[in-house]
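Chains as they are written, first to last, in the numbering used here: chain A, 1 to 114; chain B, 1001 to 1115.
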């Protein structure tokens, strides 16, 4: 069955430090992968997406993610975290063979220390 | 870019009443709309998928008679929570597929509180 796993429920990093949020997926076909960010009580904002081509994708707010098919991973990275990056981050896979629904991971809550 | 407007953002209703949540695609036609539910500190769980002009497809375990979904036009989908109870209190979010882009756009969510 298709699934997305985000192993880290909560991560705390210091402002200015680098960040990596992990995401592993299980999907039988070519995955379409997404990272979203959600602030409390808000909807979801797309950070970046991968459909094909270059496996390193650049997103908004200085985020990037690398698709590694051999590891079934799509980890999100940022070289220097800002206090405003504190939020909930969701990895998702687009199940286009199931009506196009998005399957979400459990989410990773990011806290940023001053 | 493609925008989905979701209303209301917050609603408080009494137990036993019904609440309607609307999602409108403002600058594109949303042939497919997804409705999610999110409990505090949890992920988004898909409730149902609606396609314009046809019946919604509900995920396993979702009561179709309680969560009525209507997608009567290419720009409007609604979710009605019927006979709401406190356990229906949650954050509801809609999402539309943007045709031709494999992308999705999300509404800003509705915080439903049933008292």
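Built from N, CA and C at the ideal position, the CB exists for glycine as well. Quantities reported herein were computed from a predicted structural model and do not represent experimental measurements.
query: Near residue 1070(B), which residues of its chain fall below 6 Å by C-beta distance, leaving aside the five closest residues on each side in sequence?; result: 1078
query: Starting from residue 49(A), follow its DSSP beta bridges and name the residues at the other end.; result: 34(A)
query: Less than 8 Å between CB atoms is the rule here; does residue 67(A) satisfy it with respect to chain B?; result: no
query: Closer than 6 Å by C-beta to residue 16(A): which residues in its own chain qualify, once you throw out the five before and the five after it? Chain order, please.; result: 80
query: For residue 1005(B), which residues does DSSP report across the bridge?; result: 1024(B)
query: Which residue from 1100(B), 1093(B) and 1055(B) puts its Cα closest to that of residue 96(A)?; result: 1100(B)
query: What do you reckon, are the CB atoms on residue 1043(B) and residue 105(A) nearer than 8 Å?; result: yes
query: Answer with yes or no whether the minimum CB distance from residue 1097(B) to chain A is below 8 Å.; result: yes
query: Residues of chain A with CB under 8 Å from residue 1093(B), in chain order?; result: 43 and 44
query: For residue 1062(B), which residues in the same chain have their Cβ closer than 8 Å to its Cβ, ignoring the five residues on either side in sequence?; result: 1047 and 1048
query: Considering only DSSP beta bridges, list what residue 12(A) is partnered with.; result: 111(A)
query: Identify the continuous beta strand (DSSP E) that holds residue 1095(B) and give its terminal residues.; result: 1090-1098
query: Residues of the segment 1035-1046 of chain B in Cβ contact with chain A at a cutoff of 9 Å, in chain order, please.; result: 1036, 1038, 1041, 1042, 1043, 1044, 1045 and 1046
query: When we look at the beta-carbon of residue 1034(B) and count the other beta-carbons within 10 Å, is it buried (16 or more) or exposed?; result: buried
query: Could you check what DSSP says for residue 70(A) in three-state terms: helix, strand or coil?; result: helix
query: Kindly indicate if chain B contains any beta-carbon less than 8 Å away from that of residue 102(A).; result: yes
query: Helix or strand or just coil, what does DSSP make of residue 1087(B)?; result: helix
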